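Q: Residue numbers (our numbering), protein chains in the order written: chain A, 3 to 378; chain B, 15 to 303. Input: one structure, supplied below.
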């Protein structure tokens with residue numbers, strides 16, 4: 003058991019206590035407050051997913067909102083169908099307004115909950131795999147990955163807004179039914195629901211940690227530092243990058259599903275450029291080198307947004323912009339980096355003090371005089 | 015046939031706008047490797063400057079152009095001095111920091127001037143259309159096409175024939191060695207960034223009669239312009255011109271065959287393929303780095 007593994011375990015345990023005990027207790031199990039926190043947790047989950055690909059493998063994915071919003075839309079489609087059961091043909095209301103006669107084939111499977119739950123992760127992963135194989139087989143790296151994923155994000159958003167007949171266009175999917183999870187009617191303002199989201203976050207975090215603690219994680223870090231050398235060692239770099247990209251997409255899709263349950267609607271703003279870049283900054287604020295820190299970053303920034311935007315409506319956007327700049331300029335490793343260097347620093351001070359005492363003990367006369375001088 | 019030619023003209027007009035926006039970006043990215051996501055906001059500031067000058071001082075767009083250029087160039091200079099210059103060795107981080115700048119500038123305009131859209135009148139000399147057979151071309155759009163080409167010519171002259179351009183190219187090739195020859199690299203970078211920003215501002219002022227001026231007008235423009243720069247090839251002026259023409263015409267043609275949105279999506283996907291197979295662009299710069 004080495005030191006970083008111990009740090010990971012402590013971080014994970016503290017995070018679990020924070021989510022499962024401290025937060026619910028701090029808001030005294032108030033349903034409305036827990037709903038807001040559930041929202042922050044879902045967003046923290048996407049930030050964590052991004053840390054998996056950006057922090058560990060060095061793949062800056064500016065289109066992280068794509069898998070997230072796909073998961074969100076898939077869950078929303080299921081709930082919309084549930085809500086439209088009593089309408090003629092079980093057709094969602096907006097389809098009636100846009101003269102769609104029968105339910106399109108790609109809406110059909112989402113009558114079933116198990117299919118929805120699987121698809122909410124499988125569809126984002128399939129799309130991510132396609133894009134990842136396409137990019138990484140061509141040894142596309144760095145800036146070009148960022149540009150391709152950004153262009154892809156814009157294309158997907160345009161598509162969803164354009165196909166209003168099938169996606170609700172600019173309005174998104176609203177008027178959703180509550181989820182019936184195997185006989186349990188999920189109330190998104192309940193304590194149980196908060197725990198559902200919190201447990202999902204903890205499980206996904208555990209999966210992420212297991213991945214980065216494994217040999218795969220080590221290879222990913224090596225790829226981040228120098229992809230060519232890893233290639234010379236005989237590793238299939240593209241395969242590892244694809245794995246990281248897809249795992250990240252799976253967790254993002256999962257988070258998207260939860261997000262829809264929290265907010266009870268899906269909207270094309272979930273796949274906007276602004277939202278996607280916001281995910282990047284949450285991850286950067288927390289610290290992209292640690293999954294727990296990235297998740298915390300997502301939670302903290304959104305918590306601040308919730309608090310500050312109530313008080314000053316415009317002020318929040320200024321703050322967000324400034325946050326981007328300051329984090330990049332001053333603390334590129336995020337809160338995690340700050341904490342880590344602070345811990346190292348105190349460690350060094352403690353060790354040097356112990357060393358200093360020993361030196362004084364060896365050369366008593368000089369040492370005492372110096373201490374006296376210091377005292378004055 | 016007329017529909018086709020009309021659409022071709024629309025594509026050319028779009029290309030001229032893209033070209034002016036992308037040219038500044040091409041210099042900033044090509045010379046410094048900075049991915050400037052605030053570029054769209056420089057365009058937006060240019061548009062608002064034109065609106066301010068017209069509303070409060072009664073200056074027409076064409077008269078206001080030099081003033082707009084200087085105003086936005088000054089903003090660019092401040093952004094470079096304040097933020098970008100710390101990030102020259104971290105290209106990915108420039109994406110984040112300049113996006114922060116973009117958010118700040120957008121919110122600044124929204125708070126000070128207001129979120130509602132503004133309208134700017136075009137120059138009255140350029141009212142009316144030129145009708146050639148069945149093709150109707152607005153005089154202002156024709157002017158834009160020629161003006162954008164003139165801006166390219168001026169930029170080419172600046173980069174290849176002026177002392178500043180020689181210094182800039184020297185710094186791009188090797189910063190340390192050129193500093194040894196007494197070139198102040200940081201000053202060259204600042205001026206190049208300011209010039210790029212100024213060009214964006216000018217583009218913003220010129221498109222005001224064609225679009226409505228809002229605080230968010232720059233966001234999607236920057237993605238398009240960036241794609242043009244990458245497609246054209248980094249550091250290649252000719253490439254940027256060709257890519258702007260290509261993207262403009264492709265969008266127009268796809269839009270005619272399908273519809274506007276599907277056309278845009280098709281172009282975006284085509285560009286993704288292009289970047290995948292030719293990441294150095296269609297006309298890569300032959301300079302050794």
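C-beta atoms are modelled at their ideal positions from N, C-alpha and C, and glycine is treated no differently. Model, not experiment: these values are computed from the prediction.
1) Kindly list the residues whose CB is nearer than 8 Å to the CB of residue 272 of chain B, restricted to its own chain and excluding five residues on each side of it in sequence; keep chain order.
2) Quick one: using the 10 Å Cβ neighbour count with 16 as the cut-off for buried, is residue 53 of chain B buried or exposed?
3) Quick check: what's the CA-CA separation for residue 31 of chain B versus residue 117 of chain B?
4) Identify each residue in the segment 93-108 of chain B for which the Cβ-Cβ distance to at least one residue of chain A is less than 9 Å, and report them in chain order.
5) Where does residue 216 of chain A sit, in a helix, a strand or coil, going by DSSP?
6) Can you tell me whether residue 290 of chain B is helix, strand or coil according to DSSP?
7) What first and last residue would you give for the beta strand (DSSP E) that runs through residue 146 of chain B?
8) Verify the CB distance criterion: does residue 258 of chain A have a CB-CB separation below 8 Å to chain B?
9) Below 7 Å CB to CB, which residues in the same chain sit around residue 45 of chain B once its five sequence neighbours on both sides are set aside?
10) So if I threshold CB-CB distances at 7 Å, which residues from the segment 250-279 of chain B count as touching chain A?
11) How about residue 283 of chain B and residue 35 of chain B: do their beta carbons lie closer than 8 Å?
12) What number of angstroms, rounded off, separates the C-alpha of residue 312 of chain B from the C-alpha of residue 176 of chain A?
13) Give me, in chain order, the residues of the same chain whose beta-carbon lies closer than 7 Å to that of residue 253 of chain B; leave out the 5 immediate sequence neighbours on both sides.
14) May I ask you to verify whether the segment 193-213 of chain B touches the segment 17-32 of chain B, counting CB pairs closer than 8 Å and requiring at least 3?
15) For residue 283 of chain A and residue 272 of chain A, I'd like the C-alpha separation in whole angstroms.
16) Within its chain, find whatever has a CB closer than 6 Å to the CB of residue 86 of chain B; leave out the 5 residues flanking it on each side and keep chain order.
17) Kindly list the residues whose CB is nearer than 6 Å to the CB of residue 56 of chain A, restricted to its own chain and excluding five residues on each side of it in sequence; keep chain order.
18) May I ask you to report which of helix, strand or coil DSSP gives residue 298 of chain B?
19) Apart from the five residues just before and just after residue 1 of chain A, which ones in its own chain have a Cβ nearer than 6 Å to its Cβ?
20) In the segment 128-205 of chain A, which residue ranges form an unbroken alpha helix (DSSP H) of at least 4 residues, counting only runs that do not cross its ends?
21) Could you please give me the residues that DSSP links to residue 268 of chain A through a beta bridge?
22) Hey, is residue 114 of chain B's beta-carbon within less than 8 Å of any beta-carbon in chain A?
23) Kindly identify the DSSP beta-bridge partner or partners of residue 151 of chain B.
24) Any beta carbon from chain B within less than 8 Å of residue 270 of chain A's own beta carbon?
25) Hey, out of A/94, A/350, A/79, A/53, whose CA is closest to residue 115 of chain A's CA?
26) At a CB-CB cut-off below 8 Å, which residues of chain B make contact with residue 331 of chain A?
27) Per DSSP, residue 233 of chain A is paired with what?
28) Within its chain, find whatever has a CB closer than 6 Å to the CB of residue 288 of chain B; leave out the 5 residues flanking it on each side and keep chain order.
29) Verify whether the separation of the beta carbon atoms of residue 112 of chain A and residue 132 of chain A is less than 8 Å.
30) To which residues of the same chain is residue 311 of chain A closer than 7 Å at the C-beta, ignoring the five residues directly before and after it?
31) Cβ of residue 33 of chain A within 8 Å of Cβ of residue 192 of chain A?
32) Tell whether a beta-carbon distance below 8 Å holds between residue 53 of chain A and residue 293 of chain A.
33) If you drop the 5 nearest sequence neighbours on each side, which residues of the same chain put their C-beta closer than 6 Å to that of residue 326 of chain A?
34) Closest to residue 70 of chain B by CA distance: which of B/134, B/145, B/20 is it?
35) Express the C-alpha separation of residue 167 of chain B and residue 305 of chain B in angstroms, rounding to a whole number.
36) According to DSSP, is residue 335 of chain A part of a helix, a strand, or is it coil?
A: Answer, in terms of the structure:
1) In the same chain as residue 272 of chain B, and ignoring 5 residues on each side of it, the C-beta atoms closer than 8 Å to its own belong to 280, in chain order.
2) Around the beta carbon of residue 53 of chain B, 16 or more other beta carbons lie within 10 angstroms, which makes this residue buried.
3) For residue 31 of chain B and residue 117 of chain B, the distance between alpha carbons rounds to 23 Å.
4) Flagged, chain order: 96, 97, 100, 101, 104, 105, 106, 107, 108.
5) The three-state reading of DSSP puts residue 216 of chain A in coil, since its state is none of H, G, I, E or B.
6) Helix.
7) It spans 143-146 - the beta strand (DSSP E) in which residue 146 of chain B sits, taken as one unbroken run.
8) No, because no Cβ of chain B sits closer than 8 Å to the Cβ of residue 258 of chain A.
9) Excluding positions up to five away in sequence, the list reads 182, 186, 206.
10) Those residues of the segment 250-279 of chain B that come within reach of chain A (Cβ to Cβ, closer than 7 Å) are 275, 276, 278, 279.
11) Contact flag unset, no.
12) The structure shown has nothing for residue 312 of chain B, since chain B only spans 15 to 303.
13) The residues 246, 247, 295, 296, 297, in chain order, have a CB closer than 7 Å to that of residue 253 of chain B in the same chain once the five nearest residues on each side in sequence are set aside.
14) Here the segment 193-213 of chain B does not lie against the segment 17-32 of chain B, with fewer than 3 beta-carbon pairs under 8 Å apart.
15) Looking at the two C-alpha atoms, the distance is approximately 15 Å.
16) Residues of the same chain with a CB within less than 6 Å of the CB of residue 86 of chain B, apart from the 5 flanking positions on each side, are 56, 59, 60, 211, 212, 215 in chain order.
17) Excluding residues within five positions, the ones whose Cβ falls inside 6 Å are 62, 290.
18) The three-state reading of DSSP puts residue 298 of chain B in coil, since its state is none of H, G, I, E or B.
19) Look at the range of chain A in this structure, 3 to 378, and you will see that residue 1 of chain A is not part of it.
20) Counting only runs of 4 or more, we get 144-164, 166-169.
21) Residue 268 of chain A is bridged by DSSP to A/175.
22) Residue 114 of chain B counts as touching chain A.
23) Looking at the DSSP assignment, residue 151 of chain B forms a beta bridge with B/144.
24) No, residue 270 of chain A does not count as interfacial toward chain B.
25) For residue 115 of chain A, the nearest C-alpha among the options comes from A/79.
26) What residue 331 of chain A touches in chain B: 97, 100, 101, 111.
27) Paired residues: none, contrary to the question.
28) Excluding sequence neighbours, residue 288 of chain B sits near 245.
29) No. Outside cutoff.
30) Residues of the same chain with a CB within less than 7 Å of the CB of residue 311 of chain A, apart from the 5 flanking positions on each side, are 318 in chain order.
31) Yes, they are a contact pair.
32) Judged by their CB atoms, residue 53 of chain A and residue 293 of chain A are nearer to each other than the 8 Å cut-off.
33) The answer, listed in chain order, is 283.
34) Ranking B/134, B/145, B/20 by Cα distance to residue 70 of chain B puts B/134 first.
35) Any question about residue 305 of chain B goes unanswered here, given that chain B covers just 15 to 303.
36) For residue 335 of chain A, the secondary structure class from DSSP, reduced to helix, strand or coil, is coil.
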